[in-house]
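What follows is a set of notes on a single structure, which appears directly below.
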Amino acid sequence: MAVTLPLYTHDLFGTYAGLLVGTLVGIAFGFVLERAGFGRARNLAAQFYLTDTRVLKVMFSAIVTALVGMTLLSGIGVLDLAQITVPETFLWPQLVGGLLLGAGFIVSGYCPGTGVVAIASGNLDGIAAIGGVMLGSLAFGFGYGPLEGFYKSGGMGVARIDRLLGVPMAVVAAAVVAMAVGAFLGGEKLEAIFAPRAGETAPASPPRVKARVFGGFAAIAALALAALALPTRGAATPARTAQTIGPLELARELVTAPETLWIVDLRPGAAAAKERIPGAMVTPPGDARAAFAAGLNPTRRLVAYGASGAADLPDGVRKFPGDVYVLEGGFEGWTSAVLTAPVPPANPTPDVVARFQLASALHARFTGAAVAAPVEIRPVVSVPTGPRKGGGC
Amino acid sequence: MSERPFWNPYVAGVVLGLVLLGSFLVMGFGLGSSGGVTRFAVAGAHLFAPKAVETNAYFSQYFGPGKHVLEDWLVFEVLGVFLGGVLGAYSAGRLKLGIEKGPRVTTARRLALAVVGGIFMGFAARLARGCTSGQALTGGAALSLGSWVFMMAVFTGGYLVAPLVRREWR
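Chains as they are written, first to last, in numbering that gives the first Met the number 0: chain A, 0 to 392; chain B, 0 to 169.
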């Protein structure tokens, strides 16, 4: 079956259509949060006094639904998972940020999304909470200087649990289903203890609803596991190896996030030994060449390059379980784009100047040369650009 | 008009999951909240101190040629969340002014605590690169290790602090 999802890869949406889709997705999101009872702080706070574990039930049911859905769709070859944006992992700030956000959650009674729904329902404490979130965001930005080191610590790039464990996504999805159902039943047991103590009735879900929801999760997870046997899976993989990365983009990644990359020099040993991209690994000769990339941690992206143009990827690189990129132009492309000083633009528009400044900063960074003098921008009509791709909350 | 009941939490979760899945299948990424709220805050601060905001090491990512801080997918999604919330509350007969709090806390104290908790959350969401929507829900469904660490930490932080603010709720 042909890979057709996600839809955005078909270039259906311009800037404004994308924003319209965003608004529609938001309307659905807000409506469901309201119907879930999340516009009321007491419904949310009850999670932390165990009288009503509604937050756990809604959140985990949602995660499981989206997870098993994506797993099955990619398993039957309809969804290309490589086109899905997965939030990057920065272990320490995410651990500390989670603890702080949890503390803020029980003190304010909302999280940022539910706070917006609270305002929409007329709850004035929601305005106070969201006002606080705004102040806190600004405080982070203005205190960013000393925080930057910690903010970037524990960086692992896109670290998907299934890849870290080296098992198919369907196996992890099935485990998450089992864990979630266990957590739901545990939550109901705790409600039965803590709700009566607080003089409330434990919220009971009809057995029929639970049987359908839990049974549905298990059935889709089982189908996704069964889809592992489909031959289409193998056919979908080689298409992924065609991704390319430009030399300037690679240079920028090397400066900002070197921990997310493996760089592999595919040229013969002598050429690679003489000069190569900083941090690049030289491929071992002979039989070891076929196996070495398969042993690298797949949470990083692998960038391979040859002498020029598109290099033939050896089997060892093809077997790398993570995302593989080929450097456009190979080492020649790197030399001309990064190691050669960029020429100041003749007709400077803001976009051209921004590109020149990036190129000259990267040139300086990788060669030690002085940064080129700034270029004066003459007023021109600016070109609107599309919305930033990517999640982020 | 009497109030409609809330949905069963498991059913609400499945429907929320379908919205999240739909976002992944159409746009290639999931949901978010704090990112949009942050952009509104930055746009507000920009009215008063444009230079300070534009040259800020963290906020400068929102500015540049051809960029507007509010012209962003997340901003429109958060506006949608508000509209969807109004629609939900109105159609369920729940659209009325009020303040959510326990019986033993004054209104002033409750509002002050809401602001303080909000400040913690706003700071934490930027530090963690997302909140319960962008990290826990979205990254959780996409099996991101950092998002699962974040989610477990949110519950841990909540349970650790809950006994201290019991009077606010119970």
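Cβ coordinates follow ideal geometry from the N, Cα and C atoms, glycine included. All figures in this text were calculated on a predicted structure; none of them were measured in a lab.
- Residue pairing for valine 323(A): DSSP places it in a beta bridge opposite Leu301(A).
- With a threshold of 16 other beta carbon atoms within 10 Å, leucine 43(A) meets it and is buried.
- Shown here, arginine 108(B) sits in a helix according to DSSP, grouped into three states.
- Among the bridge pairs identified by DSSP, aspartate 264(A) is matched with Val281(A) and Tyr304(A).
- Three or more Cβ pairs closer than 8 Å define a contact, and the stretch 7-25 of chain B falls short of that threshold against the stretch 85-94 of chain B.
- Using a Cβ-Cβ cut-off of 8 Å, glycine 367(A) does not count as an interface residue toward chain B, since no Cβ of chain B sits closer than that to its own.
- Against chain B, the beta carbon of glycine 103(A) has neighbours under 7 Å at Gly116, Gly117, Phe119, Met120 and Ala123, listed in chain order.
- By the criterion of a C-beta distance shorter than 7 Å, alanine 127(B) is surrounded in its chain by Gln134 and Phe149, once the five residues flanking it on both sides are discounted.
- Just measuring C-alpha positions, the residue of Val77(A), Ala45(A) and Ser120(A) sitting nearest leucine 6(A) is Val77(A).
- A straight-line Cα-Cα distance of about 7 Å links tyrosine 48(A) and alanine 161(B).
- Asparagine 122(A) has a beta carbon lying within less than 8 Å of a beta carbon in chain B.
- Inter-residue distance for tryptophan 147(B) and valine 175(A) is about 11 Å (C-alpha atoms, whole angstroms).
- Straight across, the Cα-Cα distance linking alanine 35(A) with glycine 96(A) is about 25 Å.
- Assignment of alpha helix (DSSP H) within the stretch 10-97 of chain A, counting only whole runs of 4 or more residues, yields 14-34, 40-48 and 53-74 in chain order.
- Residue contact with chain A for arginine 169(B): present (Cβ-Cβ distance below 8 Å to some residue of chain A).
- Of all C-beta pairs linking the stretch 66-83 of chain A to the stretch 35-47 of chain B, fewer than three are shorter than 8 Å, placing the two stretches out of contact.
- Taking CB atoms only, aspartate 10(A) has no neighbour in chain B less than 8 Å away.
- In summary, the residues of the stretch 199-221 of chain A whose CB is separated from some CB of chain B by less than 7 Å are Ser204, Val208, Lys209 and Val212, in the order they occur in the chain.
- Looking at the DSSP output, arginine 159(A) shares a beta bridge with Ser143(B).
- One finds Ser32, Ser33, Val36, Met120, Gly121, Ala124, Cys130, Thr131 and Ser132 in chain B with Cβ atoms closer than 8 Å to the Cβ of proline 111(A), taken in chain order.
- What leucine 18(A) touches in chain B, judged by beta-carbon distance under 7 Å, is Trp72 and Phe75, going in chain order.
- Judged by their CB atoms, glycine 103(A) and methionine 120(B) are nearer to each other than the 8 Å cut-off.
- The beta carbons of proline 8(B) and arginine 53(A) sit about 5 Å from each other, so the pair counts as a contact at 8 Å.
- Secondary structure within the stretch 134-159 of chain A: the alpha helix (DSSP H) runs of 4 or more consecutive residues, fully enclosed, are 143-150 (chain order).
- For the pair glutamate 258(A) and glycine 154(A), the Cα-to-Cα distance works out to about 7 Å.
- Glycine 116(B) sits in a helix when the DSSP states are folded into three classes.
- Taking the Cα of glycine 181(A) as reference, the smallest distance to any Cα among Asp161(A), Ala27(A), Lys273(A) and Val63(A) is reached at Val63(A).
- For phenylalanine 58(B), the CB contacts under 7 Å within the same chain, skipping 5 residues up- and downstream, are Val41 and Val52 in chain order.
- As a beta-bridge residue in DSSP terms, leucine 4(A) pairs with Leu78(A).
- Note on the stretch 153-224 of chain A: whole beta strand (DSSP E) runs with a minimum of 3 residues are 154-156, in chain order.
- Scanning Pro347(A), Leu227(A), Ala340(A) and Met58(A) for the CA closest to the CA of alanine 369(A) turns up Ala340(A).
- Taking 8 Å as the cut-off, the Cβ atoms of proline 246(A) and glycine 142(A) do not count as close.
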